[in-house]
Amino acid sequence: MDINFYIYCFVSLFITVDPIGLLPILQSLIFPYPKEYRIKIIRKAIIASTVILLIFALFGNYIFGYFGISLEAFRIAGGLLLFKIAWDMLQAEIPKTKHKPEETLDIEDIDSIVYVPLAVPLISGPGAITTTMILVGKSKDLLDKILVVLAIISVMLVSAIIFYLGDEILKRVNIYGINAFVRIMGLLLAAIAVQIIFIGIRGFIG
Numbered sequence: 000m001d002i003n004f005y006i007y008c009f010v011s012l013f014i015t016v017d018p019i020g021l022l023p024i025l026q027s028l029i030f031p032y033p034k035e036y037r038i039k040i041i042r043k044a045i046i047a048s049t050v051i052l053l054i055f056a057l058f059g060n061y062i063f064g065y066f067g068i069s070l071e072a073f074r075i076a077g078g079l080l081l082f083k084i085a086w087d088m089l090q091a092e093i094p095k096t097k098h099k100p101e102e103t104l105d106i107e108d109i110d111s112i113v114y115v116p117l118a119v120p121l122i123s124g125p126g127a128i129t130t131t132m133i134l135v136g137k138s139k140d141l142l143d144k145i146l147v148v149l150a151i152i153s154v155m156l157v158s159a160i161i162f163y164l165g166d167e168i169l170k171r172v173n174i175y176g177i178n179a180f181v182r183i184m185g186l187l188l189a190a191i192a193v194q195i196i197f198i199g200i201r202g203f204i205g
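Residue numbers (numbering that gives the first Met the number 0): 0 to 205.
Now the structure itself:
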């Protein structure tokens, strides 16, 4: 087992999902609900997000083939998207590819809240889907693809824990601490994005 590849997958996905950066947004969206409902919403949103990312990890190549999209083209487009998300994170802003102001909660319909906007586009947004596809493209064999799947599940489990502990975390860490963390993660994501774009361009040229 290539532990280094697993760590790379985990870190890349954790940065793009950004559960700590999402925490204030998530809490502001679900605060009208009683605690037991908030737990149920988080659990369903995490499960839905995991399924979405696993679908792209397992069947993304078939989706690409159907639409005639090359991996190099997706790497360049995905790298540009990730760089845009990283730029927003460096400004300590909510990435616009993840959330729009008009995407608010309908307090009477928990299921629709779970899938939109929580699962998509907040948790498993375009950045996470793009990262998943690129990581699968980097996989050299079946074992590497299994590591990508394990990384997806691991990131979702860690995200669930962070979301469950959201109230306590926000009590102990002020918004400035979260913004500083988001900026650091944004810098790392920008470096990953540039590397992905470079690999995509090299694939076209070579």
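Think of the CB as a built atom: it goes at the ideal place given N, C-alpha and C, for glycine as much as any other residue.
Could you tell me if R171 is buried or exposed, where buried requires 16 or more neighbouring beta carbons within 10 angstroms of its beta carbon? For the purposes of this step, residue 171 is taken as the residue at position 172 of the sequence shown. Counting Cβ neighbours within 10 Å, R171 comes out exposed, since fewer than 16 surround it.
Mapping the DSSP letters down to three states, classify N173 as helix, strand or coil. In the sequence shown, counting from the first residue as 1, residue 173 sits at position 174. In the structure shown, N173 sits in coil (DSSP, three-state: anything other than H, G, I, E or B).
Are the CB atoms of V147 and V135 nearer to each other than 7 Å? Numbered from 1 along the sequence shown, position 148 holds the residue referred to as residue 147. Numbered from 1 along the sequence shown, position 136 holds the residue referred to as residue 135. In this structure, V135 lies closer than 7 Å to V147 by Cβ.
Taking its Cβ as the centre, do 16 or more other Cβ atoms sit within 10 Å of D17, making it buried, or is it exposed? Along the sequence shown, read from residue 1 onward, the residue named residue 17 stands at position 18. Buried.
Identify whether I191 lies in helix, strand or coil by the three-state DSSP scheme. In the sequence shown, residue 191 corresponds to position 192, counting from 1. I191 falls in the helix class under three-state DSSP.
What's the call for R37, buried or exposed, on a 16-neighbour Cβ count within 10 Å? The count along the sequence shown starts at 1 and reaches residue 37 at position 38. The residue in question, R37, is buried, as its Cβ has 16 or more Cβ neighbours within 10 Å.
Extent of the continuous alpha helix (DSSP H) run through G67: Counting from 1 along the sequence shown, the entry for residue 67 is found at position 68. It is not in any alpha helix (DSSP H) - G67 carries neither H nor E in the DSSP assignment.
Straight-line CA distance for G124 to I45? Counted from its first residue, the sequence shown places residue 124 at position 125. Counted from its first residue, the sequence shown places residue 45 at position 46. Straight-line Cα distance between these residues: approximately 12 Å.
Whole angstroms are fine: how far does the CA of I14 sit from the CA of W86? As a first step, residue 86 is located in the sequence shown; it is residue number 87 there, counting from the start. As a first step, residue 14 is located in the sequence shown; it is residue number 15 there, counting from the start. One C-alpha to the other measures close to 13 Å.
Among A159, V113, K83 and D143, which residue has its Cα nearest to the Cα of G126? By 1-based counting over the sequence shown, the position of residue 126 is 127. For G126, the nearest C-alpha among the options comes from K83.
Quick one, which of I40, A159, V50 and I24 has its alpha-carbon nearest I128's? In the sequence shown, residue 128 corresponds to position 129, counting from 1. Of I40, A159, V50 and I24, the residue nearest in Cα terms is V50.
Among residues of its own chain, excluding the 5 on either side of I40, which ones have a beta-carbon nearer than 8 Å to its beta-carbon? For this step, residue 40 is matched to residue 41 along the sequence shown. So the qualifying residues of the chain are I29, Y32, I109, I112, V113 and L117.
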